[in-house]
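Peer 1: Sharing a structure with you now.
Numbering (my numbering), first residue to last: 8 to 247.
Next up, the structure:
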């Protein structure tokens, strides 16, 4: 991911400060999530000056490996009506894979698995990226969120860092991303991470996200990857 970050900076002029802003934003969201692992506000300078991991990324660009669990109830739509009047329906799903080795990919700044999985999900849901009100994406490192929001079609390639810097992806922005705090602040309980993302979107679409609630959220998306983008699953959900 450090190599990807450096290449993204070279290709698109993405700045170190823009990348760091992803962590700052996700920690701000985590402060509003009682189940988040980290309840700590950080600054761009904190991120840049933290313990180096692999240049240009530091410890505060990196998600933790967490202990945690998440659960959902899946059932037919008609059956769901017996249990709740706040039903959330899966309207689109997509899964795709790519070369595990970065040298086997045409462009390391694009995760083709995300692009293809998203296209499948959007087609099935009969919607466009602009229709998504809130999204949880796989931010194992700060640069991963930037790649995700570009590859999902929310922003043009190279504009993800600018979106973070300008607050477009903040809780009160036009495209709120990782309202839970993301893997960065909520935590990354490997194996439960994808389900935890869906839990957050369900809460948002039900209007149950408390202080981190996105106003009038009706359609949400989850994006989870493995193997540095070697595999990807995208789900799109809608409040019924």
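Beta carbons are placed, not taken as given, at the ideal position from N, Cα and C, and that holds for glycine. Since we're looking at a predicted model, the values are computed, not measured.
Taking all protein chains shown into account, do 16 or more other C-beta atoms lie within 10 angstroms of the C-beta of residue 76, making it buried, or fewer, making it exposed?
Peer 2: By the 10 Å Cβ count, residue 76 comes out exposed.
Peer 1: Note the first and the last residue of the continuous alpha helix (DSSP H) segment covering residue 202.
Peer 2: Taken as a continuous stretch (DSSP letters only), the alpha helix (DSSP H) holding residue 202 covers 200–213.
Peer 1: If you measure between the beta carbons of residue 26 and residue 120, is that distance less than 8 Å?
Peer 2: Not in contact: residue 26 and residue 120 (Cβ atoms no closer than 8 Å).
Peer 1: Per DSSP, what kind of secondary structure is residue 122 in: helix, strand or coil?
Peer 2: Reduced to three states, the DSSP call for residue 122 is helix.
Peer 1: Quick check on the burial criterion: 16 or more other C-beta atoms within 10 angstroms. Buried or exposed for residue 219?
Peer 2: Looking at its Cβ environment, which holds 16 or more other Cβ atoms inside 10 Å, residue 219 is buried.
Peer 1: Quick one: using the 10 Å Cβ neighbour count with 16 as the cut-off for buried, is residue 105 buried or exposed?
Peer 2: Label assigned to residue 105: buried.
Peer 1: Can you find the residues in the same chain that come closer than 6 Å, C-beta to C-beta, to residue 189, ignoring five residues on each side of it along the sequence?
Peer 2: Contacts found: 33 and 146.
Peer 1: Around the C-beta of residue 183, are 16 or more other C-beta atoms found within 10 angstroms, so that it is buried, or is it exposed?
Peer 2: Result: buried.
Peer 1: CA-CA distance, residue 116 and residue 181?
Peer 2: Each residue's alpha carbon lies about 24 Å from the other.
Peer 1: What runs of the alpha helix (DSSP H), each 4 residues or longer, lie entirely inside the segment 54–119?
Peer 2: The qualifying runs are 84–87.
Peer 1: Should residue 152 and residue 144 be called a contact, given that it needs their Cβ atoms to be closer than 8 Å?
Peer 2: Taking 8 Å as the Cβ cut-off, residue 152 and residue 144 qualify as a contacting pair.
Peer 1: Examine chain C for any beta-carbon lying closer than 8 Å to the beta-carbon of residue 108, and answer yes or no.
Peer 2: Judged by its chain identifiers, the structure shown contains no chain C, having just a single protein chain.
Peer 1: Taking the Cβ atom as the reference point for each residue, do residue 31 and residue 60 lie within a distance shorter than 8 Å?
Peer 2: Not closer than 8 Å, so no.
Peer 1: Assign residue 229 to one of three DSSP states: helix, strand, or coil.
Peer 2: Strand, per DSSP.
Peer 1: Where do the ends of the beta strand (DSSP E) carrying residue 172 lie?
Peer 2: Per DSSP, residue 172 belongs to no beta strand (DSSP E); it is in the alpha helix (DSSP H), 167–172.
Peer 1: For a test of the three-state rule: what should DSSP assign to residue 242, helix, strand or coil?
Peer 2: Reduced to three states, the DSSP call for residue 242 is strand.
Peer 1: In terms of residues, what are the limits of the beta strand (DSSP E) holding residue 29?
Peer 2: Element bounds for residue 29: not the beta strand (DSSP E) but the alpha helix (DSSP H), 23–37.
Peer 1: Would you tell me roughly how many angstroms separate the C-alpha atoms of residue 154 and residue 21, rounded to the nearest one?
Peer 2: Approximately 11 Å between the Cα atoms of the pair.
Peer 1: Under the criterion of a Cβ to heavy atom distance below 7 Å, does residue 78 qualify as lining the ligand SAH?
Peer 2: This structure lacks the ligand SAH; in fact it carries no ligand of any kind.
Peer 1: Compare the beta carbon distance of residue 4 and residue 71 with 8 Å and say whether it is the shorter of the two.
Peer 2: This structure cannot speak to residue 4, because the chain is shown only from 8 to 247.
Peer 1: Report the residue ranges of all beta strand (DSSP E) runs contained in full by the segment 129–156; include only those spanning at least 3 residues, in chain order.
Peer 2: The qualifying runs are 141–143.
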